[in-house]
Amino acid sequence: MNIKKILVSQPKPSSEKSPYYDICNKYGVEMEFRPFIKIEGLTAKEFRAAKVNLADYTGVIFTARTAVDHYFRLCEENRIKVPDTMRYFCTTESIALYLQKYIVYRKRKISFGKTGKLDDPQLVAALIKNNKEKFLFPISDVHKENVEELTNLGLDVTKVVMYRTVSNDFQPGENIDYDMLVFFSPAGIASLKKNFPDFNQDERPTYIATFGSTTAKAVEDAELRLDISAPSVEARSMPEAIDKFLAKHQDVGGDTPQQ
536 MNIKKILVSQ
546 PKPSSEKSPY
556 YDICNKYGVE
566 MEFRPFIKIE
576 GLTAKEFRAA
586 KVNLADYTGV
596 IFTARTAVDH
606 YFRLCEENRI
616 KVPDTMRYFC
626 TTESIALYLQ
636 KYIVYRKRKI
646 SFGKTGKLDD
656 PQLVAALIKN
666 NKEKFLFPIS
676 DVHKENVEEL
686 TNLGLDVTKV
696 VMYRTVSNDF
706 QPGENIDYDM
716 LVFFSPAGIA
726 SLKKNFPDFN
736 QDERPTYIAT
746 FGSTTAKAVE
756 DAELRLDISA
766 PSVEARSMPE
776 AIDKFLAKHQ
786 DVGGDTPQQ
């Protein structure tokens, strides 16, 4: 096989030290970075239609920086002043630190987990310690978080959609002329099918790489062939998985992927 062009469905790395560029130099491939999806916040009018009163809540649970941005944006647009007594619960320390963009960071008001998961023991312990609070959980329209475990602990948690994932449409007449496509979410696969309904993976041929089990499942559901999957025992990151694949297959054998 001879892979020359790879499309990574993420924004371009901010640093030239990205492992993706190491792959370009190592194998002489060209990489283009272009998200297949984009995040779009609900308008204040759309949010008001959900009849959620942000002032009713005394705690907020965040699993992403995007959720932080849209929570504070909707508070401002709906003229809700976030009280200084508000408590914040984040799945990672990096999200907790990101709150400094909007509030004065006070450790007694902010708790976070270590694993990035909603059921992180440290995060759950903090939520239970503050079990008298009424928790708001900002999410996207394609969220996968399940709060059943938290509600089973007697916590008052309300999931509220504040932003949505939409297809980042290509221009009419554009071609998907790449040797490899790299995806990070099921929504990216849906966008591929929407923008290129006649996409034929074997015509060029085109290899597909995914990160995460749900994205891999989306490839299967779309009746496409999955060639690279991460994370795995062999490759914890997407760049590592691509590197190992190219090291094994580049310029070896025929041009057609194995079925």
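For the sequence shown, my numbering assigns the number 794 to the last residue and increments by one with no breaks. Quick reminder that beta carbons are idealized off the backbone N, C-alpha and C, glycines included.
Check                                                                                                                                                                   : Outcome
Cα-Cα, which of Phe597, Leu671 and Leu609 is closest to lysine 839?                                                                                                     : Only positions 536 to 794 of the chain appear in the structure, and residue 839 is not among them; the question remains open.
With H, G and I counted as helix, E and B as strand and the rest as coil, what does DSSP make of arginine 583?                                                          : helix
Of all the options Arg569, Arg641 and Leu690, which has the alpha carbon lying nearest to the alpha carbon of asparagine 665?                                           : Leu690
Between tyrosine 633 and arginine 600, what straight-line distance do the alpha-carbon atoms span, to the nearest angstrom?                                             : 7 Å
Can you tell me whether arginine 608 is helix, strand or coil according to DSSP?                                                                                        : helix
Measure the alpha-carbon distance for glutamate 575 versus leucine 609 and round it to whole angstroms.                                                                 : 13 Å
Using CA coordinates, which residue listed in Val603, Arg583, Gln635 and Asp619 is at the minimum distance from asparagine 613?                                         : Arg583
Since glutamate 683 and isoleucine 674 should fall inside the 8 Å C-beta cutoff, what is the C-beta to C-beta distance between them, to a whole number of angstroms?    : No, glutamate 683 and isoleucine 674 are not in contact; Cβ-Cβ is about 14 Å, not under 8 Å.
Give the secondary structure of valine 659 by DSSP, where H, G and I count as helix, E and B as strand, and everything else as coil.                                    : helix
In this structure, how does DSSP classify isoleucine 638 when only helix, strand and coil are distinguished?                                                            : coil
What residue range is occupied by the uninterrupted alpha helix (DSSP H) comprising methionine 773?                                                                     : 773 to 784
Tell me whether valine 564 sits in a helix, a strand or coil according to DSSP, three-state version.                                                                    : coil
Using the rule of at least 16 other Cβ atoms within 10 Å of the residue's Cβ for burial, across every protein chain shown, is valine 768 buried or exposed?             : exposed
For a minimum of 3 consecutive residues, which ranges assigned as the beta strand (DSSP E) are wholly contained in the stretch 706 to 778?                              : 715 to 718, 742 to 746 and 763 to 765
If the criterion is Cβ atoms closer than 7 Å, does the pair alanine 776 and isoleucine 763 meet it?                                                                     : yes
Could you spell out where the alpha helix (DSSP H) holding tyrosine 633 opens and where it closes?                                                                      : 628 to 633
Report all residues from its chain with a CB closer than 6 Å to the CB of phenylalanine 780; omit the five preceding and five following residues, and keep chain order. : Ile763
To the nearest angstrom, report how far apart threonine 620 and lysine 561 are at their CA atoms.                                                                       : 53 Å
Can you name, in chain order, every residue of its own chain whose Cβ lies under 6 Å from the Cβ of cysteine 625, other than the five neighbours on each side?          : Phe597, Ala631 and Phe647
Where does valine 787 fall in DSSP's three states?                                                                                                                      : Residue placement at valine 787 cannot be trusted, given a pLDDT of 43 that sits under 50; the coordinates are not used to answer.
Grab the span of the beta strand (DSSP E) containing glutamate 575 for me, first residue to last.                                                                       : 572 to 576
Alpha carbon to alpha carbon, how far is serine 629 from leucine 727?                                                                                                   : 31 Å
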